[in-house]
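Read through the structure below, which is laid out as structure tokens, and then see the notes.
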Amino acid sequence: MSDLQSALQGARFDGYVSVFEAQPAGMIQLRADLAEDAVAHAVHRATGATIPQPLGLSTGDRGEALWMAPDELLLRVLTDAIPELLADVQDDLRDHHHLALDVSAMRTEIRVEGAAVREVLAKVTPVDMETLKPGTVRRTRLAQVAAAIWLSNDETAHVLCFRSVATYVFDVLSVSARKGGEVGAF
Amino acid sequence: MLILHCPYCGVDADETELSPGGEAHLTRHGPGSDDTDFESYLFMRENPKGPQFERWRHAMGCGKWFHAARHTVTMQVFGTYPAQTQRPPQEILDRISAAQPGWRWRDLGDEGQRA
Amino acid sequence: MGHRAAPVMSQISLNMPLRRIYSDAPGRTTGRTEGTPMKRYSAFAIAREAFRHHTGWTRAWRSPAPKSRYDVVIVGAGGHGLATAYWLGKNHGITNVAVLEKGWLGGGNTGRNTTIIRSNYLQDPSAALYEKSRSLFETMSQDLNYNVMFSPRGVLMLAQTEHEKRGYLRTAHANALQGIDTRFIGPKEVKEICPIMNTEGPRYPVLGGLWQKRAGTARHDAVAWGYARACSDMGMDIIEQCEVTGVTRDGGKVTGVDTTRGRIATDKMGIVVAGHSGRLAEMAGFRLPIESVPLQALVSEPIKPCMDIVVMANTVHGYLSQSDKGEMVIGGGTDAYNAYTQRGSFHHIEETVRSLIEIFPMISRLKMLRQWGGIVDMTGDRSPILSKTPVDGIFINCGWGTGGFKATPGSGFAFAELMATGKSPLTDAFSLDRFREGRFIDESVAAGVAH
Amino acid sequence: MTSYRLTTPGRRIVRGRRLNFTFDGKPHEGLHGDTIASALMAGGRTLMGRSFKYHRPRGPVTAGHEEPNALVGTGTGSRFEPNQRATTTRLHEGLRATSQNRWPTLDHDIGAINSRLSRFLPAGFYYKTFTWPAAFWEKVYEPIIRRSAGLGRPPEGPDADRYEHFYAHCDLAVVGGGVAGIAAALKAAREGKRVLLLEQDTLWGGRSITDGTMMEGEAPADWTAARIAELEGMENVTLRLNLQGSGVYDHGYLTAYEWVAEDRPGADAPRHRLWRIRAGHIITATGAIERPLPFAGNDIPGVMLASAVRDYVSDYAVTPGRRVIIVTNNDDAYRTALALLDAGVTVPLVVDARHEAAGELARQVRDRGVEIATASGITAEGGKEVTGVRVVDIAGNGSGGRLVRCDAIAMSGGWSPVPHLWSHCGGKLLWDDAQGFFYPDPDRPPLGADGMGMVSAVGAAAGDLTLSRAGLRQDSKGSLTEQPTRPVWVMPEGAGPDLRAKMFLDYQNDVKVTDVQLAAREGFVSVEHAKRYTTLGMATDQGKLSNINGLAVLSAQVGNSIPQVGTTTFRPPYVPISMGSIAGAARGDIFQPLRRTPLHDWHEARGTRWEPVGHWRRPFCYPRAGEDPHAAVMREVKNARQTLGLLDASTLGKIVVKGPDAGRFLDLLYTNMMSTLKVGRCRYGLMCSENGFLMDDGVVARLTEDTFLCHTTSGGADRIHAHMEEWLQTEWWDMQVYVANITEQWAQIAVVGPNARKVLEKLGGMDLSRDALPFMAWAEGEIAGLPARVFRISFSGELSYEIAVSANHGKALWDKLLSAGEEFGVMPYGTEALHVLRAEKGFIMIGDESDGTVIPQDLGLGWAISKRKDDYIGKRAQERVHMTDPKRWKLVGLQTLDGSVLPDGAYAVAEGTNENGQRNTQGRVTSTYHSPTLGHGIAMGLVLNGPDRMGEVLDFPGTDSTVHKARICDPVFYDKEGAKQDV
Ligand SMILES: Cc1cc2nc3c(=O)[nH]c(=O)nc-3n(C[C@H](O)[C@H](O)[C@H](O)COP(=O)(O)OP(=O)(O)OC[C@H]3O[C@@H](n4cnc5c(N)ncnc54)[C@H](O)[C@@H]3O)c2cc1C
Ligand SMILES: NC(=O)c1ccc[n+]([C@@H]2O[C@H](COP(=O)([O-])OP(=O)(O)OC[C@H]3O[C@@H](n4cnc5c(N)ncnc54)[C@H](O)[C@@H]3O)[C@@H](O)[C@H]2O)c1
Ligand SMILES: Cc1cc2nc3c(=O)[nH]c(=O)nc-3n(C[C@H](O)[C@H](O)[C@H](O)COP(=O)(O)O)c2cc1C
Ligand SMILES: [Zn+2]
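Residue numbers (UniProt numbering), protein chains in the order written: chain R, 1 to 186; chain G, 1 to 115; chain V, 1 to 451; chain A, 1 to 983.
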């Protein structure tokens with residue numbers, strides 16, 4: 001769709017790691033009692049994934065579920081699937097107190113790639129990046145804003161931030177990734 | 001620069017991920033309440049030089065409010081616990097008493113006074 | 001052997017022949033241990049002393065042991081406590097006064113503030129009190145025969161948002177009716193007064209500022225020392241290393257205090273202990289709408305003069321001036337949680353410095369020499385309390401929070417009047433009952449303001 | 001010209017690599033590895049600075065971070081920096097150094113006159129004088145005092161370099177990479193702990209490399225190299241040089257300062273990096289610093305710490321002189337004699353304060369033919385350089401004595417552990433009387449979050465100067481048992497005032513023994529008072545050299561023991577750190593987050609004048625070429641009234657509240673009744689704080705039976721969302737309600753004006769007729785092919801639609817509106833036009849009509865306060881006497897008699913003055929604008945009994961002595977019936 005405009009319009013910076021805007025994903029914010037079977041069912045139907053452990057991420061064939069809070073998940077699926085999946089979730093949880101919203105446009109994912117991703121992130125977040133395991137999702141502070149950070153492997157970091165500060169976060173990460181700033185501590 | 005354990009998401013959170021919310025275990029006084037009660041609910045504070053029960057929000061993390069028992073001089077943290085609690089867990093009270101024998105929290109009255 | 005000696009020990013010291021020395025009617029000379037009058041300070045005195053290696057100088061204030069009873073006991077020898085004692089003597093003839101200090105006098109917030117003095121407050125009661133105070137600073141050095149280096153170099157409060165600008169315009173109007181000389185000035189004049197400032201932004205271009213020309217700074221320690229010397233000279237006892245540990249009452253009336261140097265009787269007592277107000281109130285049996293939080297400051301290494309005014313940038317929470325010695329004195333934010341450590345969290349230093357670099361880019365290449373904190377007493381409406389209390393005979397002066405240094409002389413003046421006569425027009429609005437009545441004095445309304 | 005470069009090797013310098021630099025504009029040459037100080041000394045210059053107060057000529061006393069004297073400016077322009085320690089600043093090609101605090105030149109400084117006048121300028125003299133005549137202080141004295149302030153010249157303009165932060169975590173951080181630190185790190189690392197070992201120097205090994213004897217059978221350098229190699233091979237260890245422990249804060253937070261590219265100006269690398277380390281435990285292995293000896297003339301250039309002399313010889317192959325006399329109270333200084341002798345420098349004499357010099361080191365020195373004068377002290381002779389010493393009886397008054405010629409003096413007053421980091425967060429110290437120093441009390445460490453000690457000290461930093469407690473056997477060739485030190489605080493001990501006035505304690509601030517004694521005499525007996533009265537320890541070295549000597553002098557004068565007098569408070573940073581490093585990368589574009597709406601770039605490209613609103617930026621107006629902002633605002637207002645305006649309303653907060661109890665919850669949150677709102681409808685609502693004051697307002701739309709969408713002010717979204725979560729989590733946690741802040745999911749555009757419907761119909765997709773979508777209703781559908789929610793609400797009083805589309809579609813919708821609106825003369829308008837439009841309608845604005853002291857009742861908003869509810873947040877507070885006081889100022893309209901615009905923030909005066917002599921007032925202006933629609937000024941204000949005083953005229957004095965007269969009127973100036981918005 002030509003009308004679609006992501007926050008960073010595909011921006012990219014190559015320093016001693018690469019920083020770039022990831023393909024926009026469809027996102028559903030789900031608040032519910034995560035212990036209920038119906039919730040597990042709805043999440044599975046939408047993503048193919050199970051309910052993640054606290055601070056976890058679980059992957060299914062249609063998408064993934066990120067643990068955001070004890071009563072909150074973020075489901076990441078294909079953008080085009082959103083209207084249908086959202087309706088499904090709402091339908092599945094019809095009789096359960098819950099909140100499910102399309103929040104696809106509200107957040108931006110920035111990818112950081114390279115051998116030094118941990119180090120670059122360690123310049124801007126108080127999380128222990130050296131020991132953060134791939135698959136652990138940390139909602140935390142990145143420079144002066146909130147963000148969720150996780151590694152999918154040792155050389156790929158995902159940073160999820162609010163759309164309005166996407167440029168800020170991108171700039172902050174780019175400055176941190178500038179050549180000459182290598183720390184070499186981890 | 002505090003680190004507090006968020007009892008909801010299990011993270012040992014850096015102070016900069018958190019936002020403080022003042023004294024914990026205040027009783028809300030609404031319409032019809034006595035002037036003194038209302039004044040003390042809104043303004044009068046324990047402000048102890050010693051162990052204090054206080055509210056925190058894991059603002060940049062899971063967003064949940066929790067309570068912490070912290071010493072305002074030594075900065076020792078005796079424990080954190082969910083905000084949906086009327087009184088501090090006994091084990092935390094015990095821990096405070098161990099660190100500070102004879103300690104007593106005014107609002108807990110005699111209950112809070114441990115040997 | 002420290003000052004925290006058991007009360008029993010100090011009881012003994014009470015039996016020492018001190019009463020003989022101090023029971024005389026208070027006066028200029030009789031109060032002094034040496035029996036010699038206080039030496040007047042002057043350039044001639046220095047010249048005279050220079051030729052005898054400055055051996056002729058005597059103590060600036062005496063160090064007496066406590067008597068068993070005083071007409072008035074002031075707890076806390078910070079600026080406000082000492083100023084209260086001074087005006088009790090000077091205006092009300094009450095000189096049988098003890099000022100009790102748990103540490104060294106002036107060692108609380110008086111000794112650790114960024115020394116900004118101004119009176120351009122919005123609300124009438126504040127403006128009255130702070131302007132009284134500012135005007136007393138004008139003559140303090142002569143009044144005390146002690147150079148407190150009041151430096152009315154001008155204070156500029158920057159407006160960096162439309163909202164802030166409108167707030168200062170409002171303050172300027174209020175000040176005009178309160179008899180306070182302030183002016184809202186535009187960005188061009190800002191740049192002229194303070195050339196090292198980057199007024200162009202880019203983030204928060206300077207839209208102007210509220211300028212009070214006769215506001216400024218003073219040497220904070222000297223204020224405490226000058227008052228201590230003057231009080232001592234009136235025969236008052238300033239007793240350091242004497243911590244109040246309890247308040248004794250007879251029903252609803254105060255009868256005295258327990259201290260680390262023994263029990264002292266009095267039926268009139270002023271609590272002037274800033275961050276420790278809640279503790280003293282607890283001893284006296286009441287609660288206060290106060291929370292104690294650390295507030296931090298820092299200084300850079302000294303450099304040659306580059307800035308001749310005080311700048312307060314409230315949008316970004318940074319306060320900057322250059323001391324007479326050359327350091328840039330920088331004030332920042334408070335921790336938002338209670339603590340009694342005079343430290344504070346590092347990220348506030350970071351926030352403050354970051355903001356000030358934005359406005360004063362040159363300080364990026366200065367170095368931070370030292371950072372410290374004080375415990376400030378924040379009230380529910382961020383305005384001070386000068387008031388009677390639920391206990392008869394106990395008066396409280398507290399809640400100055402992040403901005404009470406400037407109020408030191410005025411606060412003492414008004415509080416002494418309240419203590420001596422039971423009423424002062426300057427303190428009326430600052431009574432404790434305002435919280436119950438919902439009658440707040442909120443200064444933050446025009447634009448976030450501190451110090 | 002007595003200092004020079006030796007031919008012996010220096011372990012830090014590379015002989016072949018010459019570097020050119022300048023000092024005060026004159027060319028100099030140094031070697032790779034040199035500091036500015038070592039290079040200048042190699043070139044024969046020891047005079048490097050002037051002291052603060054007396055402008056005394058000064059040379060380096062140290063070879064390290066504790067240097068008080070040799071401070072210079074480096075660099076030029078945007079890389080100029082004052083007060084750099086010449087003793088630690090590494091040389092680089094082209095470096096430009098300048099001396100400080102002198103005029104016209106370093107060698108001939110007019111200010112040195114102060115030194116002659118020093119007897120008139122004792123400690124605290126300014127408190128005693130300059131008060132008469134009163135006016136002179138401000139006009140004459142203070143300007144003079146101020147002009148003489150400071151050391152270096154201020155930096156210029158923006159900084160050309162960049163900085164950054166780094167967060168590191170470990171079980172154990174070891175500060176100091178001397179042998180004690182290395183051993184501690186190794187022990188923990190072998191136990192599997194995550195260890196960070198940091199060393200401020202460029203080399204490992206600390207003092208032991210120069211001073212140490214054999215360690216566990218190895219030479220210290222070999223011992224060090226082997227241990228470092230082992231540590232380097234371990235996964236769980238991070239080793240860093242050039243990284244200085246800077247401050248210890250609560251809960252194991254350690255800041256550290258890294259010199260990354262300071263010696264590579266212009267390199268694309270951060271100059272400094274500030275580390276924030278979270279350590280489970282911290283070990284300070286920071287070693288010890290040598291103390292100067294207080295003898296007369298101890299500040300003459302050429303007088304140096306004995307260890308520094310040794311360092312210059314062995315590290316840089318530089319000697320401060322050809323004939324160097326050693327003066328000491330301990331054995332360690334004899335190492336300097338040996339080092340000098342080994343390097344071929346003459347040591348005519350060692351002066352030892354002790355009654356005998358019987359140690360092994362002394363024997364070695366004596367064996368090499370050097371005379372040792374025991375039970376002796378010195379006074380130094382010289383002006384800008386040392387010319388000799390007078391050897392005097394240590395117990396005497398300093399008179400007489402024989403003169404021995406020399407050109408440098410190496411002094412040692414014993415060693416003091418470096419306790420700074422230990423003390424920053426509350427660690428306590430013990431006094432060692434024999435060695436004359438304070439050291440960390442292991443039983444009173446700073447406490448961590450768990451209430452246990454979080455810092456420990458090892459090695460010399462723990463007072464274990466010979467490392468016997470560290471378990472490091474410094475075995476040696478011979479038996480090197482050292483003889484006890486004899487603490488000396490004044491040399492000679494019986495010196496009279498003339499000599500004591502030349503014994504410097506704090507070099508930089510020119511605090512002498514006599515100053516401290518004067519302070520004590522005047523009652524400044526608390527160490528903290530003495531510090532502040534004399535400025536002892538307040539210079540850029542923070543008393544690293546002066547503190548102990550100073551308080552020993554104080555305690556002797558006061559008659560208390562040294563531990564009774566105690567130390568002053570140690571504060572971070574350990575050594576000054578650049579402000580740039582504290583701010584880190586946060587400057588320029590990323591100084592603070594800038595929040596951008598999906599239309600931000602469009603506004604920017606359009607040359608909008610921005611207004612910061614929280615971290616957002618909103619267009620204030622869109623001036624056209626040649627148009628001033630006021631004219632732009634007037635044009636934008638008129639256009640919206642007459643035809644069609646567009647406003648980027650994306651920053652308005654949008655919070656979804658859902659659940660079975662959502663209605664009940666909102667009834668508590670808002671003053672209005674929200675639970676009765678019908679699905680499909682909107683209602684304006686007010687929120688108060690629990691203290692009763694108005695805090696936010698906005699339109700609430702009921703989306704479904706159990707779902708509401710709450711709009712908040714732009715600045716309020718996060719705050720109100722947090723406010724809701726707080727009440728739900730901490731008070732009403734039994735309620736079944738979820739809230740979500742989805743502000744940024746939506747781009748929201750207000751389409752405003754008589755042609756609003758037409759332009760939307762042109763875009764097509766939804767029935768937006770009055771019947772299908774009446775005023776205060778909302779609907780979901782498509783506009784121009786984009787899924788949208790449309791709210792028929794109006795903050796302008798015109799026909800108005802607020803259209804929300806996915807943020808991804810915001811720009812597309814905006815573009816379509818602009819092109820479809822072209823035929824109607826569409827124009828975007830900014831926040832200021834928005835303000836004028838709402839003011840013409842008498843709509844209140846949070847932050848203008850409300851200021852945190854205003855309750856809804858003041859604003860005539862009683863209709864929005866439900867009388868049927870038992871409770872809402874703020875209700876109880878509004879029952880207090882002051883809140884129900886009939887004398888509260890109430891909202892009215894104000895119109896000047898002459899049509900002019902009332903000044904912003906003006907007050908309406910009343911008769912007379914109050915008790916404090918302030919003019920009485922009876923109201924104030926809250927909003928004031930020129931209304932282009934009405935052609936005159938309009939204002940709102942709060943006035944005493946205002947609503948009952950319609951038509952009355954009030955006086956509003958300006959700040960310029962003009963008085964503006966304004967009549968009280970209805971606050972709704974335009975379209976009182978509300979016909980225009982409801983068409
Ligand atoms: C970092 C910082 C910056 C500031 N900047 C400014 C500024 O720029 N301008 C400004 O106007 N204000 C400023 N302030 C605020 C100002 O310092 C204070 O409001 C003011 O100094 C308070 O004076 P005081 O005499 O009431 O309290 P203090 O000076 O704190 O005196 C209280 C005294 O009471 C003593 N005490 C406490 N408990 C007991 C006890 N039980 N027994 C005996 N004695 C006791 C304490 O030891 C202390 O000496 C700042 C404060 C800080 C911390
Ligand atoms: N006999 C004596 O009189 C005497 C006196 C002093 C030292 N010594 C000798 O000194 C050595 C002591 O060994 P040690 O390891 O305890 O101390 P050390 O002085 O050898 O090592 C301390 C190290 O810590 C570093 N350091 C200091 N502060 C720092 C900071 N804030 N951040 C980072 N690094 C910092 C220093 O640069 C140094 O390398 C032994 O060789 C001992 O014999 C002897
Ligand atoms: C206005 C002002 C200026 C200061 N200037 C210096 C200074 O030049 N050098 C210094 O070491 N400390 C300076 N300080 C800080 C004091 O050394 C000290 O840190 C502060 O008074 C708090 O006391 P404490 O650190 O002993 O707790 C200054 C403090 C103030 C309030
Ligand atoms: Zn959490």
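C-beta: ideal position from N, C-alpha, C; glycine also. Predicted model only: the values in this text are computed from it and were never measured.
The nearest non-hydrogen atom of ligand 1 is 7 angstroms or more from the C-beta of residue 346(V). Put simply, the backbone Cα of residue 67(A) is about 6 angstroms away from that of residue 541(A). Residue 656(A) belongs to the set of residues whose beta carbon lies under 8 angstroms from a beta carbon in chain R. Every unbroken stretch of the alpha helix (DSSP H) spanning 4 or more residues and falling wholly within the segment 86-125 of chain A is given here in chain order: 113-116.
For residue 92(R), the enclosing alpha helix (DSSP H) covers residues 82-92. Our two residues, residue 88(R) and residue 801(A), have alpha carbons roughly 31 angstroms apart in a direct line. Apart from sequence neighbours up to five positions away, the residues of its chain that approach residue 690(A) with a beta-carbon distance below 7 angstroms are 873, 874, 877, ordered along the chain. Under the Cβ distance rule, residue 52(R) does not count among the residues neighbouring chain G, no pair being separated by less than 8 angstroms. Below 8 angstroms, too few C-beta pairs join the segment 164-175 of chain A and the segment 126-135 of chain A to call them touching: fewer than three.
Nearest in C-alpha terms to residue 943(A), of all of 957(A), 806(A), 922(A), 931(A), is 922(A).
Within chain G, 1 have C-beta atoms less than 7 angstroms from the C-beta of residue 346(V), given in sequence order. When only Cα atoms are considered, residue 538(A) and residue 344(A) end up about 39 angstroms apart. By DSSP's assignment, residue 54(V) forms no beta bridge with any residue. Distances taken from the Cβ of residue 329(V) to the heavy atoms of ligand 3 include one shorter than 7 angstroms. Linking residue 740(A) to residue 746(A) through their CA atoms gives a straight-line distance of about 13 angstroms. Distances between the C-beta of residue 514(A) and the heavy atoms of ligand 1 are all 7 angstroms or more.
Using a Cβ-Cβ cut-off of 7 angstroms, residue 974(A) is close to nothing in chain V; its nearest Cβ partner there is about 22 angstroms away. Not one heavy atom of ligand 2 is found less than 7 angstroms from the C-beta of residue 137(A). Counting along the chain, residue 175(R) sits inside the alpha helix (DSSP H) bounded by residues 166-176.
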